[in-house]
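Protein chains: 2
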Amino acid sequence: MGRATMEDVALRAGVSRSLVSLVMRDSPRVSSARRAAVVAAATELGYRPHALARQLASRDSTVLGVLVSDLHNQFFADLVDGVDQAAHEQGFSLLLQTGQRRVAREEQVIDTLLSFSPAGLILLGPVVATRVMAGAARQSPVVAVTRSCRHPDIDTVTDDSEAGARLAVAHLAGLGHRRIAHLDGGNGAQAALRRRGYRAAMAEFGLPPLIVRSEYTEKGGVLGARALLGHAPATTALFCANDLNAVGAIAELEDSGMQVPAHMSVVGYDNTALAALRHVSLTTVHQPRHEMGRLAVQLLLERIRGNRETVARLQLEPSLVVRETTARPRHTASSTPSLETEVPA
Amino acid sequence: MGRATMEDVALRAGVSRSLVSLVMRDSPRVSSARRAAVVAAATELGYRPHALARQLASRDSTVLGVLVSDLHNQFFADLVDGVDQAAHEQGFSLLLQTGQRRVAREEQVIDTLLSFSPAGLILLGPVVATRVMAGAARQSPVVAVTRSCRHPDIDTVTDDSEAGARLAVAHLAGLGHRRIAHLDGGNGAQAALRRRGYRAAMAEFGLPPLIVRSEYTEKGGVLGARALLGHAPATTALFCANDLNAVGAIAELEDSGMQVPAHMSVVGYDNTALAALRHVSLTTVHQPRHEMGRLAVQLLLERIRGNRETVARLQLEPSLVVRETTARPRHTASSTPSLETEVPA
DNA sequence: TCCAAACAATAGAGCGCTCTAACGGCGGCA
DNA sequence: TGCCGCCGTTAGAGCGCTCTATTGTTTGGA
Chain A
0 MGRATMEDVA LRAGVSRSLV SLVMRDSPRV SSARRAAVVA AATELGYRPH ALARQLASRD
60 STVLGVLVSD LHNQFFADLV DGVDQAAHEQ GFSLLLQTGQ RRVAREEQVI DTLLSFSPAG
120 LILLGPVVAT RVMAGAARQS PVVAVTRSCR HPDIDTVTDD SEAGARLAVA HLAGLGHRRI
180 AHLDGGNGAQ AALRRRGYRA AMAEFGLPPL IVRSEYTEKG GVLGARALLG HAPATTALFC
240 ANDLNAVGAI AELEDSGMQV PAHMSVVGYD NTALAALRHV SLTTVHQPRH EMGRLAVQLL
300 LERIRGNRET VARLQLEPSL VVRETTARPR HTASSTPSLE TEVPA
Chain B
0 MGRATMEDVA LRAGVSRSLV SLVMRDSPRV SSARRAAVVA AATELGYRPH ALARQLASRD
60 STVLGVLVSD LHNQFFADLV DGVDQAAHEQ GFSLLLQTGQ RRVAREEQVI DTLLSFSPAG
120 LILLGPVVAT RVMAGAARQS PVVAVTRSCR HPDIDTVTDD SEAGARLAVA HLAGLGHRRI
180 AHLDGGNGAQ AALRRRGYRA AMAEFGLPPL IVRSEYTEKG GVLGARALLG HAPATTALFC
240 ANDLNAVGAI AELEDSGMQV PAHMSVVGYD NTALAALRHV SLTTVHQPRH EMGRLAVQLL
300 LERIRGNRET VARLQLEPSL VVRETTARPR HTASSTPSLE TEVPA
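Here the protein sequences line up with chains A and B, keeping their order.
Position one of the first sequence corresponds to residue 0 (numbering that gives the first Met the number 0), numbered consecutively onward.
Position one of the second sequence corresponds to residue 0 (numbering that gives the first Met the number 0), numbered consecutively onward.
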């Protein structure tokens, strides 16, 4: 397998190794004659620069370390995709490992990633302690995505989940709903913010909040909806922790003979491909995850290239995507005329 | 950021660099006294071996290059997850890039991955020409997943898609269906095999085949179902290219007033998380993708460790997962009694 | 005609590690 | 007592590249 080295190319082209190096790096100060000779020799030998050796010698890396919480979750897969595309455009490669939502494993992964001295580190939905991230930040720039964190050395990219929750509540209230419950995301990332946004929005509309403990999974949605039907059967609308949770809730509602949206309106969060499926057609809050991945890379590059020293905390605006799981409540015509003026079309 | 080197540790521990190297590699022939001193010095300095330098010097890599076709597709995300777990267990890291289903990009990605001289290359659903894979195989062991390929240097992991197609048809025929159509996967990986399996199985049951050109996407399912309803409205069962395709088909069927499975039974392929959603509850053919990812790593390690010289072509047996989108046809009771004997329960 | 400046090319010292060969010191054996 | 072999340790030569400093070689201006 012994691949050709720079030395081989130099020998064949009748020049020094240094000259080959210059050609490989597209230096302008090489005569076109020599350049041609080197290029010819290189292609003849099938030469390809050795990335590791290059990075060792030049001590700047073209690798970005990526820790992703969980690839089973479509949301993170999309984030990785955004990261990959942006990195690819800038000539970077990804060294990727999954953390499986376990703290110990994440710590180990961060350690491994750092041992490659990457140009930067991107943490997608990390659950590890801020202290650990800060430790990593002393070796290499770090960006955390979907995880707010106040450390001055760690850039973050998140969506404004409070605003997102408000969008959902406002939409439902605008349709005339008054009993709007929230199946929350438990201890998951951003769950606290969505809860807070929900509470604030409900207060704003003068409605009583009702939060059911749940989590970011389909099963969580099933159980949450079941609990809700038991405790508060009069509820007419549901704001779910995320799309997966919403789909679970819908399944449970339908199993108990209710129709969505006729008997219950449901809103999800994330606007994953799942929500967009015609068979599901879920009204949801859009989080621009592809864009978030791209931005994470951009922030990293700013640090790598020394264009920025101060911390960056990007918060993207979510938007509402109305599909077919939300509608006016059925029997509340008498209580909603005042709101109708706000909903022209 | 200047991190500690082996030299620093050696100096601090009062030993040679070579000795530190031995300790870092857990060599047995180091006195426990010196070992302790080195370990102490290393932790004090926060020393971490430099993976790149190590690989350059020892010329064996702990990195596996991974080309993944498309992370948006849950199927591939799951494959990557399996690969990641197996690799992690064996102390390998993944260098990952996506090919976006484009040949040119895949070629470029393979080139980039090789420039890191990885221990091996895993191609998940590649669309690139066999010739290119063979070229890569001269630099490093290569395993292709979900892509059969006859080259003697390229190991493969696939499912037996012909058998999978047969499972689907046998299930539907067993329920009493006679007009079973297939929305195919076009030029996609394994699509030709599923077509062939479908044809063979239909022939086996003495049924007339009907193949509608489609693709591995939701939209393909929508369009395919529409075309089917136009051309062959008497069809009572549908075997779809994959789950995504099936979900699209179901949406279209429901939009045209049909009920699944009352008016049309639908079977998918892959058994992705999507199919398992209670709201979808799709009968489908299970492909053990997590396992396939693990096996890919295992094959690579066999080559890397020199335990095998001959080509390996693993073909996994798919299995049928019956859920709620398949049932007996409605009005064909008179034509099916002969089949009922085959379906005891 | 001469020298400075500009340009092309190269030598050689690393980058942080591994690994072979060799070293010194010790105990065991004749 | 002398020699051999073993063990723990180390020197030093790379791995394939980058990059600074330096050497030649032209060119242009005075």
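Ideal placement from N, C-alpha and C gives every residue a C-beta, glycine not left out.
- For B/H285, the enclosing beta strand (DSSP E) stretches over residues T282 to H285.
- Two segments are said to touch when three or more pairs of C-beta atoms, one from each, lie closer than 8 Å; by this definition the segment 158-172 of chain A does not touch the segment 127-139 of chain A.
- One finds H278 in chain A with Cβ atoms closer than 7 Å to the Cβ of B/I249, taken in chain order.
- The beta carbons of B/L174 and B/S280 sit about 16 Å from each other, so the pair does not count as a contact at 8 Å.
- The beta carbons of B/V284 and B/N306 sit no closer together than 8 Å.
- Residues of chain B whose Cβ lies closer than 9 Å to the Cβ of A/Q96 are, in chain order, D83, A86, H87, S92 and L93.
- Looking at A/R277, A/R24, A/Q297 and A/L252, the one whose alpha-carbon comes closest to that of A/E217 is A/L252.
- Per DSSP, the unbroken alpha helix (DSSP H) holding B/Y197 starts and ends at A190 to E203.
- Under the three-state reduction of DSSP, B/H181 is assigned to strand.
- Contact between the segment 60-69 of chain B and the segment 115-123 of chain B is present, with at least three C-beta pairs closer than 8 Å.
- Within the model, the alpha-carbon separation for A/G98 versus A/G219 is close to 21 Å.
- Counting C-beta pairs closer than 8 Å gives fewer than three between the segment 309-318 of chain B and the segment 296-315 of chain A, which falls short of the contact rule.
- In this model, A/P232 and A/N244 are separated by some 19 Å (Cα to Cα).
- For A/A236, the three-state secondary structure derived from DSSP is strand.
- Selection B/A169, B/V126 and B/R225 evaluated against B/A199 yields B/A169 as nearest (Cα-Cα).
- A/V102 is positioned such that its CB atom lies no closer than 8 Å to that of A/V79.
- Residue pairing by DSSP places A/A143 opposite A/L122 and A/T155 in a beta bridge.
- For A/T111, the neighbours in chain B by C-beta distance under 7 Å run, in chain order, S92.
- Counting only runs of at least 3 residues, the segment 79-125 of chain B fully encloses the following beta strand (DSSP E) elements, listed from N- to C-terminal order: 92-97 and 119-123.
- In this structure, DSSP gives B/L166 a helical state, which the three-state scheme calls helix.
- Per the Cβ contact rule, the segment 0-20 of chain A is in contact with the segment 29-48 of chain A (3 or more Cβ pairs under 8 Å).
- Taking a 10 Å sphere around the C-beta of A/R58, we find fewer than 16 other C-beta atoms and assign the residue as exposed.
- In the three-state reduction of the DSSP assignment, B/Q54 falls in the helix class.
- Close partners of A/S116 in chain B (Cβ separation under 7 Å): H49 and L51.
- The three-state secondary structure of A/V19, taken from DSSP, is helix.
- Per DSSP, B/V246 has no beta-bridge partner at all.
- The Cβ atoms of B/L171 and B/I179 sit closer than 8 Å to each other.
- Close CB contacts of B/V259 within its chain, under the 8 Å cut and outside five residues either way in sequence, are with I249, L252, E253, V265 and T324 (chain order).
- Taking 9 Å as the Cβ-Cβ cut-off, the segment 250-272 of chain A approaches chain B at A250, E251, E253, D254 and A272, given in chain order.
- When DSSP states are grouped into helix, strand and coil, B/D269 belongs to the strand group.
- With a cut-off of 8 Å on Cβ pairs, the segment 80-87 of chain B is not in contact with the segment 79-88 of chain A, counting fewer than three such pairs.
- Neighbours of A/Q54 in chain B, taken as residues whose beta carbon is under 8 Å from its own, are L51 in chain order.
- Among the residues facing chain B, A/L70 is included, as its CB has a counterpart in that chain under 8 Å away.
- Contact between the segment 151-162 of chain B and the segment 283-299 of chain B is established, with three or more Cβ pairs separated by less than 8 Å.
- Taking B/D69 as the centre and dropping the five residues before and after it, the same chain places the C-beta of F75, T97, Q99 and R100 closer than 7 Å to its C-beta, in chain order.
- Interface with chain A (8 Å Cβ-Cβ cutoff): B/E106 is excluded.
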